[in-house]
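Protein chains in written order, with the numbering used here: chain L, 552 to 849; chain W, 17 to 331. Idealized CB from N, CA, C, for every residue including glycine. Input: a single structure, listed below in C-alpha cells.
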C-alpha cells in the first residue's frame, strides 16, 4: 500500500490537502496546513497565496493582504497574488484598492474571468449597471458556462430592467450550477427585482438549504418569505415604481404627503402593521413558537 | 471472562493507518466496553440491537433475515466521546478495532487514496470480526464544490463500493462512521445499507459529568471540591471541555503550591475562576447544527438535535 517513504510531505500533496480542507470548510486546519507549506517552501509565492485564501475565509483580511504583499514581493507578476489581494480588498469594500489589484491581475492575465466577475459585482453594488454588464460579459466570454457568473448576469440584467433576458440567463445559470449558494442568492435577487416573489422564495430556499449557517443567506431567506405575504408585498415598492430614480420617489412622496396627509399617515401605519404581522408569521413558520436564536459573532 | 474469551481478546488489536509511514500500524488492543461509557443509553441500546446481538444470537436474527455486520453513523459536537464509544463497541463484541482517519489516507497520486482505502477494507475483512471506525467521515463529502473534482468523487465511489461490497460478502465487519458535521456528507453515503443509521452523541448530562469529573480528579488533591456542584455548573460541557477545565484548575493550584512551597489542594474557587473565562465548546456546534436542523433538514434527520436544544434551552 505504501508508495512513499517517510519524509517531508511533497508540495503537491500539501496543495491538495490545503484545497480539500478549504473545500470542507475547515479553515483553521487549512491555515495550519498552509503554515507548514510555507515553512517548507518560503521562497515561492504559492504558500503565501494559500495563507491569504485561508485568512480570507477566516475573515482576517489585513493578514490576507499582508500575505499577498509577501507573495507579490517574491513575484510581482504572480496573478494568484493579485487575485487574492482583489478578493481581500473586495471583502473589506476598499473599492479603489480592489480595482487597482484587479486591473493589475488582468494586465498580467487578461483571461482571469474571476477578476472581471469581481469588478462586475463592484459596479453592480454601486448601481453602475452598464459597467457591471460589460464586466460580467467579459467574464462570460472567457468562462461561458459558469453558473455563478450567469446568475450575476441575470441579476444585472434584472437591474437593467431587461426582464426577459434576465429570466433566460437565470435558466442557463441553473442548468450549469445548482450547488453554489451564492448562485441561488443572485437568482433570488434577480427574481425579486423582476417582481417575481414566488421564484425569489424558491431560489432563497435553495440557497439556505445549501448554506444555512450563513447569516446573510438566512436574512435574505426570511425576507423572501415575508414578501410572499400579499399584505406586505403590496407595500414593498411595486415593480411600477422601480422605474423611477430615488430622488423622483422622494419628491413624489413629499408632494403626496403635502396634498394627502391623512392618507399618507394611514399608509405608513398600514405598512408598519403589515411589516410586523408578516415578520411574526415568518418567525412562527421557521422557528415555531420558540424565540429566535441569538446572533453569533464570528 | 472465561479462558476462551480471554484468549480471543489477546488476539484482538487496534490498527491505524499511519500518515507518515503510509501503512497500517497496529497499536493497542481495545479494552473499554459499554460499562466504561457513562450515559448514552439510547445509543447503546441501538448498537446492541444492530451490532452486538446479531453476533451473539445469529440464529434468532437469521430467522428475521438479519445478518451480523452493518454500519452506523455517530454525529455530535466534538469531544463528546464518539471515538470512545466506537472503541467500546469493539470491546463489547470482542472484535479488532480498525481506526481510519480519512485525511491520513489521502495521497497525491491518482488512485492512491482509493488504493489505500481499499487496503483498509481488505484488512478489516481479513480481521473479522472487526469494527472499522472511520473518523472524520465528512472529509469525504465535505464540500459540494469540492465534489465536482473528479478525484474526490472517485474516493466517495470507492467507499460506496466497499460499503456495498460489505453487504454482499463480508459478514462480521462493522462499520462505524463519525463526524462532527453530518450535513456535509454526500447523500449517497446515507442511503439504506450504507450509513443510514444516524445516532446523535450528545454532550454528557449532569450525572455523566459528575462521573467524568470524578475520574479526572482521581489521584489529585481534590477532597474539598464539590464535584456535584461543579457538574451542575457545567451544562453542555463536553468530555474534552471537562478535561481542560480540570487541567486549568490544577494549574492554578500548582501555581499556589509553587508560591507557598507546600502541596495546595484543588478548591472550588479554582474552578470558579476557570469557569469565568471558559464556556462550553459545544455551543458553536449547536449554533451551526440548529441552522442545519431548522433550514436544511428536509428528511427530519436532525430532529433529535432540535429536541436537545429545546430541552436544554440553548440559545
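Inside the region 201-262 of chain W, DSSP marks whole alpha helix (DSSP H) runs of 4 or more residues at positions 222-233, 243-248, from first to last along the chain.
The alpha-carbon separation between residue 121/W and residue 715/L amounts to approximately 50 Å. The DSSP-derived three-state label of residue 146/W is strand. Put simply, the CB of residue 596/L is far from chain W, with every gap to its CB atoms at 7 Å or more. Taking every protein chain shown into account, the CB of residue 286/W has 16 or more other CB atoms within 10 angstroms, so this residue is buried.
In the displayed model, residue 729/L falls within coil according to three-state DSSP, outside both helix and strand. Following the DSSP letters along the chain, one finds residue 195/W inside the beta strand (DSSP E) bounded by residues 189-195.
Excluding sequence positions up to five before and after residue 170/W, its CB lies within less than 7 Å of the CB of 130, all in the same chain and listed in chain order. Residues are counted here when their Cβ sits less than 7 Å from a Cβ of chain W; for the region 812-832 of chain L the count is zero. For residue 331/W, a Cβ of chain L is located within less than 7 Å of the residue's own Cβ.
With the criterion set as a beta carbon lying under 9 Å from some beta carbon of chain W, the region 706-723 of chain L has no members that meet it. Here DSSP, grouped into helix, strand and coil, assigns residue 112/W to strand.
Nearest CB-CB separation between residue 307/W and chain L: below the 7 Å threshold. In the DSSP assignment, residue 282/W falls outside any alpha helix (DSSP H), carrying neither H nor E.
In this structure, the beta-carbon distance from residue 243/W to residue 264/W does not fall below 7 Å.
At least one CB of chain W lies nearer than 7 Å to the CB of residue 760/L. The region 295-309 of chain W makes no contact with the region 812-831 of chain L: fewer than 3 CB pairs, one atom from each, lie closer than 8 Å.
Contact check for residue 236/W and residue 176/W: beta-carbon distance about 48 Å, past the 8 Å limit, so the pair fails to qualify. Residue burial is scored here from C-beta neighbours: residue 831/L has fewer than 16 other C-beta atoms within 10 angstroms and is therefore classed as exposed. If one requires a minimum length of 4 residues, the alpha helix (DSSP H) runs lying completely within the region 592-672 of chain L are 596-608, 612-625, 630-642, 646-659, in chain order. For residue 837/L, the C-beta contacts it makes with chain W under 8 Å involve 310, 311, in order along the chain. Bridge partners of residue 91/W according to DSSP: 195/W, 216/W. Beta-bridge analysis with DSSP links residue 716/L to no other residue. The beta carbon of residue 148/W sits closer than 6 Å to the beta carbons of 114, 140, 191 from its chain, once the five residues preceding and following it are set aside; these are given in chain order. If you look at residue 686/L, you'll find it in the alpha helix (DSSP H) that goes 680-693. In the three-state reduction of the DSSP assignment, residue 839/L falls in the coil class, being assigned neither a helical nor a strand state. A straight-line Cα-Cα distance of about 27 Å links residue 273/W and residue 225/W.
When DSSP states are grouped into helix, strand and coil, residue 317/W belongs to the coil group.
For residue 230/W, the closest alpha carbon among the candidates 204/W, 262/W, 253/W is that of 262/W. Look at residue 304/W: its C-beta is under 7 Å from a C-beta on chain L. At least 7 Å separates the beta-carbon of residue 615/L from that of residue 637/L. Look at residue 764/L here: in three-state DSSP terms it is coil, with no helix or strand label. In the structure shown, the three-state DSSP call for residue 586/L is helix. For a Cβ distance threshold of 9 Å, nothing in chain W lies close to residue 633/L: the least Cβ distance comes to about 22 Å. The three-state reading of DSSP puts residue 151/W in strand, counting E and B together.
Within its own chain, the residues whose Cβ lies closer than 8 Å to the Cβ of residue 628/L, once the five positions on either side in sequence are excluded, are 659, listed in chain order.
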